[in-house]
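S.K.:
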Amino acid sequence: MSDTHAQTVPFVRDTMLPSAAPPVRESGAIRWLRTNLFSGPVNTVLTLLGALIIWFLVSTFWDWFAHSVWNASSLNECRAIIAATWGEDARGACFAVIRERWNQYVFGFYPVELYWRPTMTFGLLMVALAPVLFSASLSIRRVVLGITAVVTLWAMVVLGAPAGWLIFAAAVLVAGLVASERNISWMLPFSLVYPLLGVWFLWGGTLWGPIFVLVGPLLGWLAWRALSRVSPMLATVVAILVTVLFWLVLAGDAARDAEALLPLSIDAVRSDRFGGFLLSLTIGVAGIALSLPLGIVLALARQSDMFLIKSLAVIFIEFIRGVPLITLLFVASLLLNYFLPPGTNFDIILRVIIMVTIFAAAYMAEVIRGGLAALPKGQYEAADALGLDYWKAQRLIVLPQALKISIPGIVSTFIGMFKDTTLVTFVGLYDPLKSMSDAVRANVEWKGIYWEPFIFVGAIFFLICFGMSRYSMYLERRLQRDHR
Amino acid sequence: QEGSTLAQVKERGELNCGVNTGLVGFAAPDASGNWTGFDVAFCRALAAAVLGDPAKVKFVPTTGQTRFTALSSGEVDVLARNSTWTYSRDTDLKLDFIGVNYYDGQGFMVRSDLGVTSAKELDGATICIQTGTTTELNLADYFRANNMTYTPVNIDSNAEGEQQYMAGACDAYTTDASGLAATRAAFADPETHIILPEIISKEPLGPAVRHGDSNWGDIARWTLNALIAAEEYGVTSRNIEELVRSSENPEVQRLLGTTDELGAMMGLDAEWARRAILAGGNYGEIFAANIGEQTPIGLARGLNAQWTQGGLLYAPPFR
Amino acid sequence: MLVNDQRYRSLTFQVIVFILVMAAAWWLVDNTIRNLALMGKSFDFGFLFQRAGYDIPQTPIPYTADDSHLRASVVGLLNTLIVAVLGCIAATVLGVIVGVARLSKNWLFARLMTVFVEIFRNMPLLLWILIVYAIFTEILPPPNAFRGEAATSGMILFDHVALTNRYTALPTLAMTNDPGSLDLGARITFNWATIAFVVVLVGGWFARRMIASWAQDVQDRTGSRPTTWWMSLAVMIVPSLLLIWYFGLHLEPPTLQGFNFTGGLNVSNSLVALWLALTLYTAAFIAEIVRAGILAVSRGQSEAAFALGLRPNRTMSLVILPQALRVIIPPLISQYLNLTKNSSLAIAVGYMDLRGTLGGTTLNQTGRELEAIVLMMLTYLALSLIISAGMNVFNARVKLKER
Amino acid sequence: MEHIERRIDRSQMTVSDEVAIDIRNMNKWYGTFHVLRDIDLTVHKGERIVIAGPSGSGKSTLIRCINRLEEHQAGHIVVDGVELTSDIKNIDKVRSEVGMVFQHFNLFPHLTVLENCTLAPIWVRKVPRKQAEATAMRFLEKVKIPEQAGKYPGQLSGGQQQRVAIARSLCMQPKIMLFDEPTSALDPEMIKEVLDTMIELAEEGMTMICVTHEMGFAQAVANRVIFMDQGQIVEQNNPTDFFNNPKSERTKLFLSQILGH
Amino acid sequence: MEHIERRIDRSQMTVSDEVAIDIRNMNKWYGTFHVLRDIDLTVHKGERIVIAGPSGSGKSTLIRCINRLEEHQAGHIVVDGVELTSDIKNIDKVRSEVGMVFQHFNLFPHLTVLENCTLAPIWVRKVPRKQAEATAMRFLEKVKIPEQAGKYPGQLSGGQQQRVAIARSLCMQPKIMLFDEPTSALDPEMIKEVLDTMIELAEEGMTMICVTHEMGFAQAVANRVIFMDQGQIVEQNNPTDFFNNPKSERTKLFLSQILGH
Ligand SMILES: Nc1ncnc2c1ncn2[C@@H]1O[C@H](COP(=O)(O)OP(=O)(O)OP(=O)(O)O)[C@@H](O)[C@H]1O
Ligand SMILES: Nc1ncnc2c1ncn2[C@@H]1O[C@H](COP(=O)(O)OP(=O)(O)OP(=O)(O)O)[C@@H](O)[C@H]1O
Ligand SMILES: [Mg+2]
Ligand SMILES: [Mg+2]
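The listed protein sequences derive, respectively, from chains W, R, U, F and E.
No gaps in the numbering here: position 63 of the first sequence is 169 in this note's numbering, and each next residue is one more.
No gaps in the numbering here: position 161 of the second sequence is 860 in this note's numbering, and each next residue is one more.
No gaps in the numbering here: position 224 of the third sequence is 792 in this note's numbering, and each next residue is one more.
No gaps in the numbering here: position 224 of the fourth sequence is 242 in this note's numbering, and each next residue is one more.
No gaps in the numbering here: position 9 of the fifth sequence is 27 in this note's numbering, and each next residue is one more.
So this is what it looks like as structure tokens:
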């Protein structure tokens, strides 16, 4: 009986069975319901619970939404309309406040006749971002730039932009679209000068200011070119010195003189006119743009094997991460003047941007450090063996990979920072959430209106933040697919 | 002189004026960001006196917590934010109050259906109060002195205080009586709220400047005095041009710079006071336009009448 | 050239940076000194010992307006800690529930939790704080709605708790046999009964541990684990019950007297709203962390456990959780850190935390912004350093051993 | 036969008449995709069955149905006299009789090798720890790595890990062992170690079902080779006939690919 | 000689008198651990040197010292007439003359194969992109994977990746190539491809130092085999004598292990 093959019944199938449909209760909607909603007692209870929650939410808020009033000039009028239309006891939303005051929530106290300027600024921002953010996918670029172009131009027309500027914006947008079809990196120079242009569009004043700000690095670069043969380190130091000195000593006067010679200016708008989402976006975008490079530098410093540099970076990062943002904002608004030479006084928005940047940069540094640490040592060695110096190795080999790994973290830092722009309310700036709503409520007509502004502002924040997080997920997936 | 506040303001071409973030009647931005109010008017008058243009003011909204720092750190040149002149603020906080533009006192507002008619009946009540104000200290002192207890509800801004009070989250709202009146006036049903008779403190509200620059202090002080004196002498924004030409009153002539050049003593020109008065009118006009009985705020002059009318306003002589 | 020498290059660079940093620091300090001199102020913490003069609604340790600013600051710090600890606990519980529910096979429930997470993560915390606070003030009834015959609102939980738009009025614990208090000086006292309860609870906890290790021992010897839950329950509860009986502990419901409920503990809405908003907001983040942690344990692990015959709940406790926790704990602790820092938004609802006392009223009444803010930042910094030190210890302990 | 060098002792490899696993007319769908079609399979105690077939043919699914890691939708599976239904009692009974070794080992990385091996005996079989550890050490010796008992899986090589996985299953003293491509994630040197262990098991008379592409192993050890394609059993035979004289076209094609490679 | 099948053309394999690398009395410590002890080694242009030795004997460390991936603490290393000191200029010069191929390839995963090959020429040698790409394609053809130029390293097999790594080094047109166990991370089938490439290089007269356990390669190509143990050069000889007639006991032991295996 020890024959191994004793029990084998040879079997050969000569006709292959066709694929059959699953039994009824195993397919279609029934199966879906059974497996997804009622697959066991616990699950059934959960489903009922979920349904209960939804029913509760809908039944509580439905009436309120359904009875909303969009056309009224005061809360009392709203209430009167609701009472008249849906009966005395009806409760309803009064979105008329949004309709009446949307501009305040969006533009703050920016001069009404100049609303087109922030509109154009943020429209062109998309063009400037295209080479950076949407570089890989033509179809996405097409959609984003196309929509941006249409919306921006339409909004500018509606807001009464002068024809010259309309043409300018149209030209840039079209250039962006064309470049996007051909080679999006053509837009890089625009992306580089955009920060200065954006500042000029928003705050106005003379164009010579931004121009001379730009001249500084240009001179620095020339100095670097001239000296880099001698010693790259010396050249870098000199270049930075030249730039900073130019900015500090010459740029202001030069801009004033040039303006006197050839006036090139648009209406100036002061910082105290900024408010609402214009303020949030300005702080947010500036903070994002500045905190990334600063965060990279901090992360590299923290990863460096130079003890002193590393310790300084650690102290800085841990300090910033250890204190709440609003204490930093208080520093910006209350203490900064202690630390600067007597009599210096600079713009509160700028100060807030600096603090927000520093705060986000510390978090960014930790995120990027994670990415750096995830890189295998072999990458550094290979770069060394090929003769790349430290900076080239970082720029060409290390950072591209580290940043890619860190994308989710970087984007959530951005999102966190954008949400945190609401905290500027505590230093007397008109954020869209609290200060602006308080300002609106300070008027007799809208006293007592709470929910509608919250919903409006919250919805906009949600759209922007949710959009960013989805975009980062898309980016992550795409980068994963590439290179594999 | 170099580095003085006056020089800085002139150099900048703009006066930085610290105001409330939003208290109707005293300082609040309207839908398009234009500031109006009683304190705002003082800022404009000062700007007119110094810079010749009442529009050259940058209003810096300050909260109860940031106001003094904003002033001492140089962020604002003058603070006109219904702040109470107290000993320690004048000395320890290194501010200089340049006068009183509104004599106020702390009061309580309650719903009339609460059945309370005196502050003495507030034992055990919940009271809304803005943090960082003198009212917070007064309230503590008052209840201790009267052997009563209370629960404070700390709020950050007047708007929030109204919200809490309206919703019944506090039984009483306490702040300066003027503020109470302004708040009550803005209610849909002002009749159902009463302001209790007790005024538990003296609250002389006035603009303040930094300690140490007496010249700038003088300018602010005398701008305020000019507005008060103008009312006393009957100089209004409407008749001022005529008075410049025709006034016989030597005091008025000095005030309007037609005879002595008083302005030069402070580093200003002769017509500084004229411009200050033209900016928004004399004290009485400003009062009437912003918080007077014809406005929704509806404050009576009361203590803030001229001394000649039985009030406390008494501008020192211009000579 | 020194900079071309590998050995000295980094040294040179470091020296340059050090000089620059020192110069910058010196510049800042010099400016500060000059500015202070210009304003005629000094840098001096003497103000902390002056009379504070203001009242604080919630005082974990006795405090009156006559106490010093220092004591006011300590009260503020304790308030910060109270909301932070409560928030961390609640956010963890909710976050774990939501995170697990998001992984549930129940389509509806999982979607609902996704919506919860996305909504709370993508809107500013300040918004949630304001909304929750507004819900409390606008929707709950004021205390006088509980008054009289025609009361429009009633107390809940057998007339022991009243939810009002000012506070939640809870019953107090009263004792018929009060053992008196232990005085720690500085007017900080602990009731002996409290101490007794703490001792009994801690003792009970140790007893529970001993029971568990006894059970383990029995299991090791015989293979079957004795049922111990009732013993654990007993050692935790019976002594406490005895104490309750001995001290004659009972609940005294709050009563409406005058304007407010008295005779109970009134937990102010600013605390509850802040706590709730922090909880909801942080729970959304924790849910994601928990979800990622569980997903990080590969499906193969649970399949292997099932194939060995382990039941799902044992699989969870013996295989999945120990692995998931390693992934979950570090980001969880940084969420605790965030929550603690975010509690400084208490300013929006007038909750008097450290920022509200030291960095708010004290700063404002004394005009010592430099000192107050520096002190406040250092306190927050110390808090976070303590928390992250704890995290590092933990990380080092649980690191997976690899080849 | 590249990995198998030694003579195989067939003395214990007896096939009894008792039925270990009985699968009748079993069908399974993933959604609407018909993965397993009318599977009929009877496994007797002591049989060593190798399942082969192209990727995606349902081999893994089939053996995962046997210990109910996957649910079947039609037909019957009876393991050691217990029918697999949704009754949890039955599932537990079956699972504790059937050991399974996965392609990717699925060791518990947070437990030492010894703890991996004693976990289930202690918690499922309620064996005292001492005894569980003794058993575990016995099986670790059998798979030739007793000295690694205190290490963590992450510290072992792939071959060692897979042998721990086998020992872990054996510690439950199962009547039947399922192997799902136990060597396909291993480096060539390590395959031998694992196959040796499996051969030893076979020599001791364990009932085994093994999905593998190691044809040397199949020829040396199996008493039956089953060829699956498109979710069906296309051919089964004893190894000699299966390899030398395949009947179906598909089998021929498959064998030519796999052996030519 | 399992992996080497073809006849090797030795016509170009001439050793010149010029010294390519001169190591004198070199010592290195890791902390207090003495890894390399009194290493003396002169490599002439055109030599093909294989370094063998047990694990941990310091082979990798030695060749990593030659392009200063590790710093030595005593003695002298002169590469192509440039002494390696802490002077960065010298280090840069040496690194651009010495190519290195790592065990784990260390390709840059975010760059295509072509970009991997042109990166260093463009940024270090400042070669115009067009020209760098032409050179790169030439070397990719040489390693027989020109068609993969546009792919990312992650899309290639191990053998292909290692050949890209070789091409990448060659693109810098180095005078000396260092190989650190270039085939030991590869599957057996792929080893051959890489060895072929290395043989071709040798046939063209490249100066090579190669740490490897591929004794077939050593016998076929090397003109000198160096045996290291405990941080010292224990024996060096031409391959024939080295393998057939080892002098030292240690070498014998090592060879018996490695060849018996
Ligand atoms: N959870 C699942 N949901 C849907 N389809 C699945 C699932 N698991 C497996 N399949 C599909 O079922 C088919 C059979 O899968 P199975 O893993 O059993 O194949 P296999 O024969 O083991 O293949 P391999 O040799 O690649 O392991 C495949 O087509 C597979 O794509
Ligand atoms: N960074 C380091 N720090 C401390 N010791 C090290 C370091 N790198 C290597 N070593 C030690 O130096 C010795 C020589 O290492 P090396 O890598 O040169 O050996 P090897 O001959 O290349 O061995 P293998 O064949 O395993 O690659 C080893 O004992 C190793 O443990
Ligand atoms: Mg499979
Ligand atoms: Mg090595």
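Note that the Cβ used here is the ideal one computed from N, Cα and C, for glycine as well.
#1: Does the beta carbon of residue 886 of chain U sit closer than 8 angstroms to a beta carbon anywhere in chain F?
#2: With DSSP as the reference, please indicate the residues paired to residue 254 of chain F in a beta bridge.
#3: Compare the beta carbon distance of residue 956 of chain R and residue 973 of chain R with 8 angstroms and say whether it is the shorter of the two.
#4: Report the option in W/234, W/209 and W/558 whose CA atom is closest to the CA atom of residue 222 of chain W.
#5: Note down, in chain order, every chain U residue with its Cβ under 7 angstroms from the Cβ of residue 259 of chain E.
#6: Residue 963 of chain U by DSSP, collapsed to three states: which one?
#7: Under 8 angstroms, do residue 272 of chain E and residue 229 of chain E count as touching if we go by C-beta distance?
#8: Work out the CA separation of residue 498 of chain W and residue 239 of chain E for me, nearest whole Å.
#9: On the three-pair Cβ rule with 8 angstroms, is the segment 414-430 of chain W touching the segment 485-501 of chain W?
#10: Would you check whether ligand 1 has a heavy atom nearer than 7 angstroms to the C-beta of residue 919 of chain U?
#11: Between residue 647 of chain U and chain W, is the shortest Cβ-Cβ distance under 8 angstroms, so that the two count as touching?
#12: Is residue 48 of chain F near ligand 1, going by C-beta to nearest heavy atom under 7 angstroms?
#13: Cα separation between residue 948 of chain U and residue 430 of chain W?
#14: Please report the distance separating the alpha-carbon of residue 926 of chain R from that of residue 761 of chain R.
#15: Rounded to whole angstroms, what's the CA-CA distance from residue 254 of chain W to residue 297 of chain W? Just pull it up for me.
#16: Taking Cβ-Cβ distances shorter than 8 angstroms, what residues in chain W pair up with residue 796 of chain U?
#17: Does any C-beta atom of chain W lie closer than 8 angstroms to the C-beta of residue 38 of chain F?
#18: Consider the C-beta atom of residue 79 of chain F and the heavy atoms of ligand 1; say whether any pair is separated by less than 7 angstroms.
#19: Is the beta carbon of residue 849 of chain R less than 8 angstroms from the beta carbon of residue 821 of chain R?
#20: Exposed or buried, what is residue 48 of chain F when buried is set at 16 or more other beta-carbons lying within 10 Å of its beta-carbon?
#21: Find the nearest neighbour of residue 553 of chain W within the set R/781, R/999, R/769 and R/864, judged by alpha-carbon distance.
#22: Excluding the 5 residues flanking residue 82 of chain F on each side, which residues of the same chain have their C-beta closer than 6 angstroms to its C-beta?
#23: Whose C-alpha, out of F/63, F/91 and F/54, is nearest the C-alpha of residue 129 of chain W?
#24: Which of the residues in the segment 885-904 of chain U, read from start to end, lie with their CB under 7 angstroms from any CB of chain F?
#25: Hey, which unbroken runs of the alpha helix (DSSP H) at 4 residues or more fall wholly within the segment 846-885 of chain R?
#26: Taking buried to mean at least 16 other C-beta atoms within 10 Å of its own C-beta, is residue 184 of chain F buried or exposed?
#27: Please confirm whether residue 505 of chain W has its beta-carbon closer than 8 angstroms to some beta-carbon of chain E.
#28: Indicate, with yes or no, if ligand 1 has a heavy atom lying under 7 angstroms from the CB of residue 868 of chain U.
#29: How about residue 996 of chain R and residue 884 of chain R: do their beta carbons lie closer than 8 angstroms?
#30: Beta-carbon of residue 867 of chain U versus every beta-carbon of chain W: anything under 8 angstroms?
#31: Kindly examine ligand 1 and report whether one of its heavy atoms sits closer than 7 angstroms to the Cβ of residue 74 of chain F.
#32: Per the contact definition of three or more C-beta pairs closer than 8 angstroms, is the segment 107-115 of chain F in contact with the segment 862-881 of chain U?
#33: When you compare only the Cα positions, how much space is there between residue 999 of chain R and residue 1007 of chain R?
M.R.: Reading off the structure:
#1: Yes, contact with chain F.
#2: DSSP, once it has assigned bridges, lists W/117 and F/244 as partnering residue 254 of chain F.
#3: With a cutoff of 8 angstroms on beta-carbon distance, residue 956 of chain R and residue 973 of chain R are scored as near each other.
#4: W/209
#5: The contacting residues do not exist; residue 259 of chain E stays about 39 angstroms from chain U at best.
#6: helix
#7: Not a contact, by the Cβ cut-off of 8 angstroms.
#8: 36 angstroms
#9: no
#10: Because no heavy atom of ligand 1 lies under 7 angstroms away, the Cβ of residue 919 of chain U does not count as near it: no.
#11: Answer no: the Cβ-Cβ gap between residue 647 of chain U and chain W never drops below 8 angstroms.
#12: yes
#13: 7 angstroms
#14: When rounded, the distance between both Cα atoms is 25 angstroms.
#15: 16 angstroms
#16: Within chain W, no residue comes near residue 796 of chain U; the closest Cβ sits about 25 angstroms away, beyond 8 angstroms.
#17: Residue 38 of chain F does not count as touching chain W.
#18: yes
#19: yes
#20: If you draw a 10 Å sphere on the C-beta of residue 48 of chain F, you find fewer than 16 other C-beta atoms in it, and that means exposed.
#21: R/864
#22: Within the same chain, residue 82 of chain F has close Cβ partners 88.
#23: F/91
#24: Contacts with chain F (Cβ-Cβ distance below 7 angstroms) from the segment 885-904 of chain U involve 886, 887, 890 and 891, listed in chain order.
#25: 857-865 and 876-885
#26: buried
#27: At a cut-off of 8 angstroms between beta-carbon atoms, residue 505 of chain W makes no contact with chain E.
#28: Relative to ligand 1, residue 868 of chain U has its C-beta separated by 7 angstroms or more from all heavy atoms.
#29: yes
#30: no
#31: yes
#32: yes
#33: 16 angstroms
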